[in-house]
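**Q**
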Amino acid sequence: MNTTLYMSSSGASMAQVLQSGLTDDLSKLTFMTSTLATVFGIQGCRLTCCGYTGEDGVEVSLSLVLIGLCKQECVYFPISVPKSGVVAVTEHLLANSEVKLAGLGARDSLRLEAGLCLYGNDIDESTTPVEATLLWTIGKRRRQANDFPSAEIILPQIKARKRVGLVSSGPPVRQHTPIPRVTVEIRFNFHFMCFAMGYVDAPYAKNGTPIQVEVRKKPVVTKMPFMPTNYYSGQ
Numbered sequence: 001m002n003t004t005l006y007m008s009s010s011g012a013s014m015a016q017v018l019q020s021g022l023t024d025d026l027s028k029l030t031f032m033t034s035t036l037a038t039v040f041g042i043q044g045c046r047l048t049c050c051g052y053t054g055e056d057g058v059e060v061s062l063s064l065v066l067i068g069l070c071k072q073e074c075v076y077f078p079i080s081v082p083k084s085g086v087v088a089v090t091e092h093l094l095a096n097s098e099v100k101l102a103g104l105g106a107r108d109s110l111r112l113e114a115g116l117c118l119y120g121n122d123i124d125e126s127t128t129p130v131e132a133t134l135l136w137t138i139g140k141r142r143r144q145a146n147d148f149p150s151a152e153i154i155l156p157q158i159k160a161r162k163r164v165g166l167v168s169s170g171p172p173v174r175q176h177t178p179i180p181r182v183t184v185e186i187r188f189n190f191h192f193m194c195f196a197m198g199y200v201d202a203p204y205a206k207n208g209t210p211i212q213v214e215v216r217k218k219p220v221v222t223k224m225p226f227m228p229t230n231y232y233s234g235q
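Throughout the sequence shown, residue numbering follows UniProt numbering, covering 1 to 235 in sequence.
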């Protein structure tokens, strides 16, 4: 692990920026696939096309979690790079005026916009995929056949508790607010709104349902993602 660093790149034009340092055709790297490539002359880099911001991106396994590249919209490319080549790859990327360093706070805002879960924050060992609105992880046939482990526990949860989006024009809905249990919140000043995710009983999970929490204005259950996602699935 100490020989490989990890770089997360994200942005509306990130694919074009990264393509300038590749001999491989990045358009062939579709969502949730990876490949070994030479990046800006550094061999042995692993590129993974995945998204934690609602847009496509490439994660570069440079052999470090180093950098997040962020613009108005986000294409997300994690990159694994041999440790010896991290500085070179980073300098090549930052030489482009559109590429900026960004912290984890910026990425957290973007993943909330996309309605994505962070393990340990929005999901944990006490939360099942069904409650977290990740029902797509259990195939429709398996649900109908009721033949997977713990089906007798998980299937009834479809109608019990759900992770929902919350939106309010009032003060922020702070994390760990009990009813509903709010897991994450961010105020977007350019929208003059506060966005949050949390868990409510299923009868209150319908879009447009007002929820009483300990703030002056009632947040309203809203559809997620808050911003449209745009994952690359091929040309």
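Note that beta-carbon positions come from the ideal geometry of N, C-alpha and C, so glycine has one too.
Under the assumption that V39 contacts E98 (Cβ atoms under 8 Å), give the Cβ distance between them as a whole number of angstroms.
**A** As a first step, residue 39 must be located in the sequence shown, where it is residue number 39. As a first step, residue 98 must be located in the sequence shown, where it is residue number 98. Wrong, their Cβ atoms sit about 17 Å apart, outside the cutoff.
**Q** Since M197 is in the beta strand (DSSP E), which residue starts that stretch and which ends it?
**A** Translated into positions along the sequence shown, residue 197 becomes position 197. Segment M193 to D201, the beta strand (DSSP E) holding M197.
**Q** Which residues in the same chain as V164 place their Cβ atom closer than 6 Å to its Cβ, once the five residues preceding and following it in sequence are excluded?
**A** To locate residue 164, count along the sequence shown from 1; it is residue 164. Same-chain partners within the cutoff: V200, A205 and V221.
**Q** By DSSP's criteria, L94 is part of a beta bridge. Which residues make up the other side?
**A** Translated into the one-based positions of the sequence shown, residue 94 becomes position 94. Note: L94 sits in no beta bridge, so no partner.
**Q** Given this structure, state the Cα-to-Cα distance separating Q144 from L155, to the nearest angstrom.
**A** In the sequence shown, counting from the first residue as 1, residue 144 sits at position 144. In the sequence shown, counting from the first residue as 1, residue 155 sits at position 155. Computed Cα separation, rounded: 10 Å.
**Q** Give the straight-line distance between the Cα atoms of L69 and E59, rounded to the nearest whole angstrom.
**A** By 1-based counting over the sequence shown, the position of residue 69 is 69. By 1-based counting over the sequence shown, the position of residue 59 is 59. Annotation note: pLDDT 38 at L69 (below 50); position unreliable, no value reported.
**Q** Between T35 and L47, how many whole angstroms is the CB-CB distance? I'm expecting something under 8 Å.
**A** Taking the sequence shown and counting its residues from 1, one reaches residue 35 at position 35. Taking the sequence shown and counting its residues from 1, one reaches residue 47 at position 47. Rounded, the Cβ-Cβ distance is 6 Å, consistent with contact.
**Q** State the Cα-Cα distance for the pair D147 and I158, rounded to the nearest angstrom.
**A** The residue labelled residue 147 in the question sits at position 147 within the sequence shown. The residue labelled residue 158 in the question sits at position 158 within the sequence shown. Cα to Cα, D147 sits roughly 16 Å from I158.
**Q** Going by C-alpha distance, which of R141, R142 and C117 is nearest L134?
**A** What you label residue 134 is simply residue 134 of the sequence shown in a count that begins at 1. With distances taken between Cα atoms, L134 lies closest to C117.
**Q** Please check the pair E131 and R161, which I expect to be a contact at CB under 8 Å, by giving their CB distance rounded to whole angstroms.
**A** Reading the sequence shown from its first residue, position 131 is the one you call residue 131. Reading the sequence shown from its first residue, position 161 is the one you call residue 161. Between R161 and E131 the Cβ distance is about 5 Å, and since that is below 8 Å, they are a contact.
**Q** Skipping 5 residues on each side, what residues in its chain have a beta carbon closer than 7 Å to that of T128?
**A** Residue mapping note: residue 128 aligns to position 128 of the sequence shown, counting from 1. Counting only Cβ-Cβ distances below 7 Å, and skipping sequence neighbours, we find I154 and Q157.
**Q** Measuring straight from C-alpha to C-alpha, what distance separates E91 and L101?
**A** The residue labelled residue 91 in the question sits at position 91 within the sequence shown. The residue labelled residue 101 in the question sits at position 101 within the sequence shown. Answer to the nearest angstrom: the Cα atoms are 11 Å apart.
**Q** Do you know whose CA, among P82, Y52 and A15, lies nearest G105's CA?
**A** Here residue 105 refers to the residue found at position 105 when the sequence shown is read from its first residue. Looking at the Cα atoms, Y52 is the closest of the given residues.
**Q** Looking only at its chain, what residues have a beta carbon closer than 7 Å to the beta carbon of V81, apart from the 5 residues adjacent to it on each side?
**A** As a first step, residue 81 is located in the sequence shown; it is residue number 81 there, counting from the start. Cβ within range, chain order: L5, M7, V39, I42, C45, V60, S61, L62, S63 and V89.
**Q** Would you report the Cα separation of P210 and P203, rounded to the nearest angstrom?
**A** Residue numbering aside, residue 210 sits at position 210 when the sequence shown is read from its first letter. Residue numbering aside, residue 203 sits at position 203 when the sequence shown is read from its first letter. If I take the Cα positions, the gap works out to 12 Å.
**Q** Which of the three DSSP states, helix, strand or coil, is assigned to T48?
**A** Counted from its first residue, the sequence shown places residue 48 at position 48. Strand.
**Q** What residue range does the alpha helix (DSSP H) around V17 cover?
**A** The sequence position of residue 17 within the sequence shown is 17, counting from 1. Start and end: M14 to Q19.
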